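A short worksheet on the structure shown next.
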Amino acid sequence: MTETTRSHTRPVRPGAPSWRASRVFANALTYAFLIAGGLLMLGPFVFSVMTSLKTPKQFNTTWPLTLPEPVTVENFTALFSEQYNFVVPIAVTAQVVLVLVLGQMLTSILAAYAFAQLDFPGRDALFWVYLSTLMIPAVVTIIPLYSMMTTLGLKNSFAGLVVPFLFGSPYAIFLLRENFRSTPSDVLDAAKIDGAGVLRRLWQVMVPMNKPILATLLLITVVSQWNNFMWPLIIAPAPEWNVITVATAALQTQYNGNWTLVMAATTIALAPLVILFLVFQKQITSSLGVTGVR
Amino acid sequence: MNARQRHEARSAYAMLLPSLIGVIGFLLLPVLIVVALSFMRWNLISAPEWVGLENYAYILTSGRFGNSLLVTALFVLLAIPISIGMGLLLAIAINRGLPGTSWLRVLYVLPWVCAPLALGVVWKWIFDPTNGALNAIIGRRVEWLTDPDLALPAVVFVQVWSTVGYISLFFLAGLQQIPRAVYEAAMLDGAGGVRTLVSITLPLLRPTMFFVTVTSVISSFQVFDSIYAMTGGGPAFRTDVIAARIYDEAFVGLRLGRAAAMAVVLFVVLVGVTLVQQRYFQRRITYDMS
């Protein structure tokens, strides 16, 4: 999706007097549609941040959509106070994301390279098994994973949060294998002749040559792990192991109606990824066509 | 097999080992366990007890699970056509390439990178009857999420809102692969806008349509986070989608056997839906655009 703004200008048809008028009308309609859509998309983000910057009193006594006057950060300072202690979920989430990104990238790169470039008995059958696991929905594995992790005594622990997802994802392996296969083999062969071993060829030739897809995969992994909710909710419900989504949900249930505080929490949960997205938006949007699902 | 080949095979197996632990231990083994648990009664406290087909008999006759299947089917049948239709419309609008519109794409995709749980909480406030943004705008009190007739349309709306931009990106990519010459030929033959859309654009977008439909159906069948935040399955189980039912049965009601049986049924349904879609799209004509 490189050429996004290519216009479909129609060839001028002489002898069609209404052509210009209908084109102006179509353009106006397109603008109206796109701008209305944009406002609808942006609205919830803007309104929730506005609410998070009001005092509860101001929120309860004025129309819900008035601008915060004066702007206050008391909801945010409250969240980081000892009472709500939002430092914990932010720290837990950051660690989970870091560990899972490292684990998934490393194991997926290794497996994808083996499937793409090495020859060994059973390779195609094994790859077919990997592919077939893409069909397994997450909701289906949640109960057995829970029973496995609790049997191992890992409920409410860091290990419980990360272990089931640490060892790569078949989806990432599939994606990387496609890219590793299309990497020109003459460079790899040259490295082989120079006596470079399998690992040296992988780290010094394959990885540097596939930086864009690896960056994309990294971003997708960060996004999906930061946003993860169901598994952390089940395996780590104790406050000291809450991730940010679980802490936000708990806050909302517990302080229902205290919207200024709750909107401060959602702002904290959403802001890092919104910023990440705006910075890397080209990379993320252009990668979607290639990668399909997250 | 010579020494070099043996060495290469050994390296390959070593490199596959970590991911093999993941695939066997945390994907294939769980599927076996969930099937086994679906034949057992288990409340997490006492030891699991074999009950044969009792769980299946219960979930297929009790009505609560049937309700969840129905709610999920309604959710999917409402959300998917609307978000695909709107996504296509957005893509066509952006593809006209009017000055200043390409950056709007970024805005439409924004909800897709955000945590569905957090967005669900934001929408719960927007829909709040007394202090919410929506009622403030329309100036009257509507119980969006607690009225049994409005709750499902409301959560469908949020699903469409959060997926439409993402879907439009795929259509945009598809549209840009259609050669300009095809449109110019249609124009010379005197085909109008609607005719061009129906006879050229839609047939040529078939591969994109297939991909988008399959992935959207699979993900909407599993919707959980936003529903958990907005309604928790209520009111009167009107938004009690399958994933919410499985969660409730397993981790609130502590009936893990029953929940496992529901998970198995969901798995079978999803595999079936995928196969049916594959056949449907294969039967139709596909065009080679290379």
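Chains as they are written, first to last, in UniProt numbering: chain A, 1 to 294; chain B, 1 to 290. For every residue, glycine included, the Cβ atom is placed at its ideal position computed from N, Cα and C. Quantities reported herein were computed from a predicted structural model and do not represent experimental measurements.
| Item | Value |
| --- | --- |
| Residues in the segment 214-226 of chain B having any Cβ partner in chain A nearer than 8 Å | Thr215, Ile218, Ser219, Phe221, Gln222, Phe224, Asp225 |
| Test item: CB-CB of Phe127/B and Leu110/B under 8 Å | no |
| Min CB distance Trp128/A to chain B below 8 Å | no |
| Alpha carbon of Ala151/B to alpha carbon of Pro235/B, nearest angstrom | 7 Å |
| Identified DSSP bridge partners for Met40/B | Trp50/B |
| Closest Cα partner of Tyr171/A within the set Ala190/A, Tyr146/A, Thr151/A, Leu134/A | Leu134/A |
| Alpha helix (DSSP H) segments (min. 4 residues) lying fully within the segment 192-247 of chain B | 193-196, 206-221, 225-230, 242-247 |
| Residues in the segment 2-17 of chain B having any Cβ partner in chain A nearer than 9 Å | Gln5, His7, Glu8, Ala9, Arg10, Ser11, Ala12, Tyr13, Ala14, Met15, Leu16, Leu17 |
| Ser11/B, enclosing alpha helix (DSSP H) - first and last residue | 3-20 |
| Within 8 Å of chain A by C-beta, residues of the segment 103-125 of chain B in sequence order | Leu104, Arg105, Val106, Leu107, Tyr108, Val109, Leu110, Pro111, Val113, Cys114, Ala115, Pro116, Leu117, Ala118, Leu119, Val121, Val122, Trp123, Lys124, Trp125 |
| Buried/exposed call for Gln204/A, threshold 16 Cβ in 10 Å | exposed |
| Per-residue burial, Pro153/B [other beta carbons within 10 Å of its own, 16 or more giving buried] | exposed |
| Alpha-carbon spacing of residue 291/B relative to Arg141/B, whole angstroms | Lying outside 1 to 290, the shown extent of chain B, residue 291/B is not represented and no answer is given. |
| 8 Å Cβ cutoff met for Ile193/A and Ala111/A | no |
| DSSP state of Asp189/A mapped onto helix, strand, coil | helix |
| At least 3 beta-carbon pairs within less than 8 Å: the segment 102-117 of chain A vs the segment 162-169 of chain A | yes |
| Assigned secondary structure, Tyr56/B (DSSP; H/G/I helix, E/B strand, else coil) | helix |
| Partner residues on chain B for Gly160/A, Cβ-Cβ distance less than 7 Å | Those do not exist, as Gly160/A stays about 12 Å from chain B at its closest Cβ, beyond 7 Å. |
| Buried versus exposed, by CB contacts within 10 Å (16 or more), Gly52/B | exposed |
| Residue from Gln222/B, Asp240/B, Ser11/B whose Cα sits closest to the Cα of Met230/B | Asp240/B |
| Any C-beta of chain B under 8 Å from that of Phe25/A | no |
| Cβ-Cβ separation, Leu118/A to Met12/B (assumed contact under 8 Å), whole Å | Correcting the residue identity first, residue 12/B is Ala in this sequence and not Met. At roughly 4 Å, the Cβ-Cβ gap stays under 8 Å, so Ala12/B and Leu118/A are in contact. |
| 7 Å CB neighbourhood of Phe80/A in its chain, flanking five on each side removed | Phe86, Val87 |
| Residues that Ile200/B contacts on chain A, provided the C-beta gap is smaller than 7 Å | Chain A residues near Ile200/B: none, gap ~12 Å exceeds 7 Å. |
| Cβ contact (3+ pairs, closer than 8 Å) linking the segment 131-149 of chain A and the segment 29-43 of chain B | yes |
| 8 Å Cβ cut-off: residues of chain B touching Ile284/A | Val109, Val113 |
| Which of helix, strand or coil DSSP assigns to Ala196/A | coil |
| Short CB-CB distance (under 8 Å) between Thr101/B and chain A | yes |
| Nearest-angstrom Cβ-Cβ length linking Val207/A and Leu214/A, presumed shorter than 8 Å | 7 Å |
| Near-chain B residues of the segment 40-54 of chain A - C-beta to any C-beta below 9 Å | Leu40, Met41, Leu42, Gly43, Pro44, Phe45, Phe47, Ser48, Thr51 |
| Pro30/B at chain A interface by Cβ criterion, 8 Å | yes |
| Beta-carbon neighbours of Met133/B, restricted to chain A and to distances below 9 Å | Met is not the amino acid found at residue 133/B; the sequence shown has Ala there. Neighbours of Ala133/B on chain A, chain order: Gly43, Pro44, Phe47, Ser48, Thr51, Pro64, Leu65. |
| Contact set for Gln281/A: own chain, Cβ-Cβ below 6 Å, skip 5 residues either direction | none |
| Counted within 10 angstroms of its Cβ, other Cβ atoms place Lys211/A as buried (16 or more) or exposed | exposed |
| Interface flag, Thr183/A vs chain B, CB-CB below 8 Å | no |
| Selected residue, minimal CA-CA separation from Asn60/A, among Ala265/A, Leu278/A, Asn258/A | Asn258/A |
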